[in-house]
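J.: Can you read through this structure? Questions will come right after.
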């Protein structure tokens with residue numbers, strides 16, 4: 540894998556529509572074989588960025604480079620597009636059979652009939668839809684249709700795969716299995732992938748890197764773990780699922796340990812900051828442990844607070860418990876934990892979290 | 168009432184025995200309206216597609232002109248074509264007034280806005296992202312237009328059938344520019360008018376039945392098209 | 300994959316077949332255009348009588364000309380002649396024809412044949428005009444009785460004749476409730492009169508052709524004013540150089556030729572028992588014999 544020249548790079552991309560700057564990305568680069576996710580709320584510019592990177596829509600300023608070569612004149616745009624593939628939220632299949640759909644990219648490129656047959660068959664097998672080859676596209680379920688769209692995309696052996704919220708319209712059972720299959724195929728083929736999604740769990744699961752977008756800009760980019768646990772600001776923190784975000788002031792610093800005063804309580808965190816500085820504390824709910832009230836059991840957590848259970852909310856596999864410890868705190872617990880502790884709303888409970896589990900955002904550094 | 172029943176009886180007799188005059192008139196109708204529809208197919212589909220897929224100042228005006236054209240009274244078209252083709256008119260030197268050619272021209276003028284309008288609507292109804300998907304598959308602009316037309320082939324077929332239906336049943340312009348000349352420019356509709364005024368109900372009813380059959384057939388195809396679903 | 304191959308093959312074959320079918324139909328058209336053609340403007344009643352269906356093919360075979368018979372009312376036929384949009388006229392509206400000739404629009408006006416007009420009406424004849432020898436007397440009686448009268452109202456030869464009779468009576472039926480104008484051809488006007496059980500003036504030929512389905516009786520006939528004389532007029536090529544002067548002359552000569560006059564004499568006898576027209580070629584103007 541050639542990691543020196545990024546397979547895709549862009550500079551000073553801007554899109555102005557109706558007088559408003561809806562996309563403003565000074566720099567972006569994607570290395571070969573990596574999976575980059577763009578996450579952000581609706582209207583953040585994820586789709587626009589994807590369409591600009593794939594040169595499907597015109598843009599007002601900037602350049603896009605593919606393997607170091609700038610993409611410019613009409614001819615090179617078509618050549619470039621033939622090296623990529625895009626899959627949308629809707630399958631957008633043609634009114635013909637599944638196998639004809641999968642072959643459409645190949646036919647556009649003028650590949651010989653005999654070769655098309657074999658390639659199409661291989662893609663159908665890859666996505667587990669060989670049995671649907673001669674079915675009309677109109678009769679497919681949502682999952683089957685999206686698999687067809689993916690097979691169609693991979694049939695042309697793209698060097699870059701763009702995905703625009705490809706799983707958003709699927710119901711859960713179909714989603715799970717398609718995500719599994721897609722991940723397998725991407726890893727097998729080593730295809731560079733840029734994916735837009737508003738589901739951060741999907742992004743964490745699949746990506747090598749995440750870029751968080753808001754208002755047409757990329758506000759933070761990095762490995763999933765870093766973005767999740769070290770959000771650059773409150774907005775990103777909130778978006779990536781940091782349930783507890785508290786403003787505070789550094790009271791004391793002792794080596795790398797910070798003592799921060801928040802809501803009248805003292806919280807110990809690890810990080811760089813100076814006393815008197817205004818900071819924001821981010822505590823992910825997964826990192827909060829609940830235990831019975833009473834004599835504190837031995838725990839290595841430096842932060843132990845007593846509070847009252849405000850609300851217990853079922854949240855997928857976990858339960859989100861909102862606690863009032865003088866400041867609002869959220870924790871994720873399993874069903875078992877709730878039963879063990881006999882957690883009820885209004886009950887007193889002890890919450891604890893490690894100092895290292897807190898991410899400190901320094902307000903001044905923006 | 169007897170007259171009508173007698174007429175219907177005779178009409179069936181004419182049809183079943185393939186009466187040569189009736190068959191001749193039917194064949195001519197098909198040829199003239201068929202050719203006119205063929206012409207309108209090319210102009211209408213390419214024009215409708217071009218307007219549907221592009222954006223230019225004044226587009227709204229063009230769209231409303233097309234929609235107005237769909238409702239153009241055929242007899243008005245006949246009037247203007249006649250005026251143009253008169254010996255002393257601007258195109259008189261062509262000497263094609265009272266010929267099937269003139270009828271084809273008039274019918275093509277009537278059918279083209281119909282085909283164009285329905286094509287425009289059909290192409291605009293395709294999912295907006297479909298264009299992007301086709302481009303993402305590496306298509307050139309020409310390939311993209313062709314694929315979109317193929318995707319809309321059913322409503323486009325409906326457009327052509329609507330155009331054909333409009334002209335095979337048209338009578339005003341056809342009489343004006345064709346002259347209803349026996350064996351030459353006499354078609355189903357113009358012959359029906361003439362035979363009725365002559366009191367030849369059997370022939371008139373026979374021709375009417377054939378026209379109804381055409382209308383039924385066209386309707387059948389259109390209904391089939393309507394009932395099919397689009398792919399996801 | 301195989302399916303698509305077959306489909307597109309059939310599609311191509313069908314399209315080719317369709318095109319060939321359409322094109323083959325246009326060949327006789329082109330052939331006709333190659334011949335020299337004549338535009339004959341005549342009246343709907345002449346066409347409806349079926350006489351031209353017999354004569355035109357004979358003419359075309361003999362001379363090789365292609366005749367475009369445009370059947371409208373006498374008034375409109377002469378209007379076409381005035382504009383040079385027709386080559387030769389076959390009409391029956393003497394007063395208007397005279398004006399047409401005076402204004403120099405036509406040349407060589409020659410008498411061809413005549414038939415007559417009759418007054419027809421419902422069998423019960425509420426106005427009591429049956430058997431009258433005078434057309435104007437009959438019209439007067441119908442007017443005073445207020446009986447429904449259907450007029451063609453289209454400036455055709457028939458309409459002109461009808462107006463002439465009203466003139467003779469000194470009455471003006473315009474605007475009266477019982478006087479209705481259809482603006483239609485003779486056959487249709489007869490049908491309307493039959494439907495509404497009214498009176499009308501019709502040419503004998505069209506009446507005979509429709510008689511069995513109408514249910515109207517002949518009530519007044521034989522008045523000299525009811526004679527319906529047909530003339531053939533060539534449009535003046537001096538005024539309109541674009542007219543097919545040679546063709547027009549050929550047709551006009553044809554209509555007054557002995558052979559054709561013989562055909563006219565016997566036309567309709569086998570179908571209706573009596574001839575529809577009476578040949579008059581060569582006779583003195585405005586005094587055709589019976």
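Protein chains in written order, with the working numbering: chain A, 540 to 905; chain B, 168 to 399; chain C, 300 to 589. Using N, Cα and C, we set each Cβ at its ideal position, and we do this for glycine too. None of the values given here were measured: they were computed from a predicted structure.
1. Could you name the residues of chain B that residue 499 of chain C contacts, counting a contact when the two beta carbons are closer than 9 Å?
2. Would you please verify whether the beta carbon of residue 294 of chain B is less than 8 Å from any beta carbon of chain A?
3. Here's the rule I'm using: 16 or more other beta-carbon atoms within 10 Å means buried, otherwise exposed. How should residue 609 of chain A be labelled?
4. Can you tell me which of A:899, A:741, A:867, A:772 puts its alpha carbon nearest to the alpha carbon of residue 796 of chain A?
5. Which one of A:603, A:721, A:744 has the shortest CA to CA distance from residue 616 of chain A?
6. Could you check whether the Cβ of residue 394 of chain B sits closer than 8 Å to any Cβ belonging to chain A?
7. Using 8 Å as the cut-off, can you tell me whether the region 682-689 of chain A makes contact with the region 630-642 of chain A, which would need three or more C-beta pairs spanning the two stretches below that distance?
8. Going along chain C in order, which residues have a C-beta closer than 9 Å to the C-beta of residue 346 of chain B?
9. What first and last residue would you give for the beta strand (DSSP E) that runs through residue 625 of chain A?
10. Counting only beta-carbon atoms, is residue 883 of chain A nearer than 8 Å to chain B?
11. Kindly indicate which three-state DSSP category residue 247 of chain B falls into: helix, strand or coil?
12. Return helix, strand or coil for residue 364 of chain C, following the three-state DSSP convention.
13. Keeping to the same chain, check which residues put their C-beta closer than 6 Å to that of residue 696 of chain A; ignore five residues upstream and five downstream.
14. On the CB-based measure, 16 or more other CB atoms within 10 Å of its CB, does residue 364 of chain C come out buried or exposed?
15. Is there a Cβ of chain C sitting closer than 8 Å to that of residue 255 of chain B, yes or no?
16. Give the DSSP-derived three-state secondary structure of residue 580 of chain A in the structure shown.
17. Using a Cβ-Cβ cut-off of 8 Å, state whether residue 896 of chain A counts as contacting chain B.
18. So residue 278 of chain B contacts chain A; which residues on that side make the cut at Cβ distance below 9 Å?
19. Drop a sphere of 10 angstroms on the beta-carbon of residue 569 of chain C, count the other beta-carbons inside from all chains shown, and report buried for 16 or more, exposed for fewer.
20. Which residues, in chain order, does the region 443-474 of chain C contribute to contact with chain B at a C-beta distance below 7 Å?
21. Helix or strand or just coil, what does DSSP make of residue 322 of chain B?
22. Nearest chain A C-beta to residue 307 of chain B closer than 8 Å, yes or no?
23. If you scan the region 684-726 of chain A from start to end, which runs of the beta strand (DSSP E) of 3 or more residues do you find wholly inside it?
24. Does any CB atom of chain B fall closer than 8 Å to the CB of residue 673 of chain A?
25. Does residue 304 of chain C get closer than 8 Å to chain B when you measure Cβ to Cβ?
26. For residue 351 of chain B, is the classification buried or exposed, using 16 other Cβ atoms within 10 angstroms of its Cβ as the cut-off for buried?
27. By how many angstroms is the C-alpha of residue 841 of chain A removed from the C-alpha of residue 905 of chain A?
28. Helix, strand or coil for residue 670 of chain A per DSSP?
29. Output the boundary residues of the beta strand (DSSP E) element that contains residue 391 of chain C.
30. Quick one: which residues of the region 359-371 of chain B get their C-beta closer than 7 Å to a C-beta of chain C? List them in chain order.
31. What did DSSP end up calling residue 879 of chain A once you bin it into helix, strand or coil?
32. Are the beta-carbon atoms belonging to residue 917 of chain A and residue 820 of chain A less than 8 Å from one another?
33. What are the complete beta strand (DSSP E) segments, minimum 3 residues, inside the region 586-637 of chain A?
34. Would you call the CB atoms of residue 304 of chain B and residue 643 of chain A closer than 8 Å?
35. By alpha-carbon positions, which one of C:368, C:376, C:416 ends up nearest to residue 517 of chain C?
36. Would you mind giving the Cβ-Cβ distance between residue 391 of chain C and residue 535 of chain C, rounded to the nearest angstrom? I have them listed as a contact below 8 Å.
T.: According to the data block:
1. Stepping through the third chain from its first residue, residue 499 of chain C is reached at position 200. Under the 9 Å cutoff, chain B gives no residues; its nearest Cβ is about 14 Å from residue 499 of chain C.
2. Position 127 of the second chain holds residue 294 of chain B. Closer than 8 Å: yes.
3. By one-based count along the first chain, residue 609 of chain A stands at place 70. Classification of residue 609 of chain A: exposed, given that the 10 Å Cβ count is below 16.
4. Position 257 of the first chain, counting from 1, holds the residue named residue 796 of chain A. Residue A:899 is the option with its Cα nearest to residue 796 of chain A.
5. Walking along the first chain from the start, residue 616 of chain A turns up at place 77. The candidate whose alpha carbon is nearest that of residue 616 of chain A is A:603.
6. Residue 394 of chain B sits at position 227 when you count from the first residue of the second chain. Not one chain A Cβ lies under 8 Å of residue 394 of chain B.
7. yes
8. Counted from its first residue, the second chain places residue 346 of chain B at position 179. Those within 9 Å of residue 346 of chain B in chain C are 338, 367, 368, 369, 370.
9. As a first step, residue 625 of chain A must be located in the first chain, where it is residue number 86. Counting along the chain, the beta strand (DSSP E) containing residue 625 of chain A begins and ends at 623-626.
10. In the first chain, the residue the question calls residue 883 of chain A occupies position 344. No, because no Cβ of chain B sits closer than 8 Å to the Cβ of residue 883 of chain A.
11. For this step, residue 247 of chain B is matched to residue 80 along the second chain. Three-state result, residue 247 of chain B: helix.
12. Within the third chain, the letter at position 65 stands for residue 364 of chain C. Correct three-state label for residue 364 of chain C: coil.
13. Counted from its first residue, the first chain places residue 696 of chain A at position 157. Once the five neighbours on either side are set aside, residue 696 of chain A has no close Cβ partner at all.
14. To locate residue 364 of chain C, count along the third chain from 1; it is residue 65. Buried.
15. Residue numbering aside, residue 255 of chain B sits at position 88 when the second chain is read from its first letter. Output row for residue 255 of chain B: interface = yes.
16. Reading the first chain from its first residue, position 41 is the one you call residue 580 of chain A. Coil, per DSSP.
17. The sequence position of residue 896 of chain A within the first chain is 357, counting from 1. It does not: the Cβ of residue 896 of chain A has no partner Cβ on chain B nearer than 8 Å.
18. Position 111 of the second chain, counted from the first residue, corresponds to residue 278 of chain B. The contacting residues do not exist; residue 278 of chain B stays about 26 Å from chain A at best.
19. Residue 569 of chain C sits at position 270 when you count from the first residue of the third chain. Residue 569 of chain C is exposed by the Cβ-count criterion.
20. none
21. Here the question's residue 322 of chain B lines up with position 155 in the second chain. Helix, per DSSP.
22. What you label residue 307 of chain B is simply residue 140 of the second chain in a count that begins at 1. Yes, contact with chain A.
23. 699-703
24. In the first chain, the residue the question calls residue 673 of chain A occupies position 134. It does not; no Cβ of chain B falls within 8 Å.
25. Your numbering for residue 304 of chain C matches position 5 in the third chain. In this prediction, residue 304 of chain C has a pLDDT of 44, which is less than 50 and means its spatial position is unreliable; nothing more can be read from the coordinates.
26. For the purposes of this step, residue 351 of chain B is taken as residue 184 along the second chain, with counting starting at 1. The residue is buried, with at least 16 neighbouring Cβ atoms inside 10 Å.
27. As a position in the first chain, residue 905 of chain A is number 366, starting the count at 1. As a position in the first chain, residue 841 of chain A is number 302, starting the count at 1. Residue confidence is low: residue 905 of chain A scores 43 on pLDDT, short of 50, so the model does not pin down where it sits. Its coordinate-derived value is still stated next. Whole-angstrom Cα-Cα distance: 29 Å.
28. Here residue 670 of chain A refers to the residue found at position 131 of the first chain. Three-state DSSP puts residue 670 of chain A in a helix.
29. The residue you call residue 391 of chain C lines up with position 92 of the third chain. Per DSSP, residue 391 of chain C belongs to no beta strand (DSSP E) and is neither H nor E.
30. 364, 365, 366
31. Residue 879 of chain A sits at position 340 when you count from the first residue of the first chain. If DSSP states are grouped into helix, strand and coil, residue 879 of chain A belongs with the helices.
32. Nothing about residue 917 of chain A can be reported from this structure: the residues present for chain A run from 540 to 905 only.
33. 600-605, 623-626
34. Locating residue 304 of chain B in the second chain gives position 137, counting from the first residue. Locating residue 643 of chain A in the first chain gives position 104, counting from the first residue. Yes, these two residues count as a Cβ contact at 8 Å.
35. Counted from its first residue, the third chain places residue 517 of chain C at position 218. Comparing Cα positions, the closest option is C:416.
36. Taking the third chain and counting its residues from 1, one reaches residue 391 of chain C at position 92. Taking the third chain and counting its residues from 1, one reaches residue 535 of chain C at position 236. Residue 391 of chain C to residue 535 of chain C, Cβ: 20 Å. No contact.
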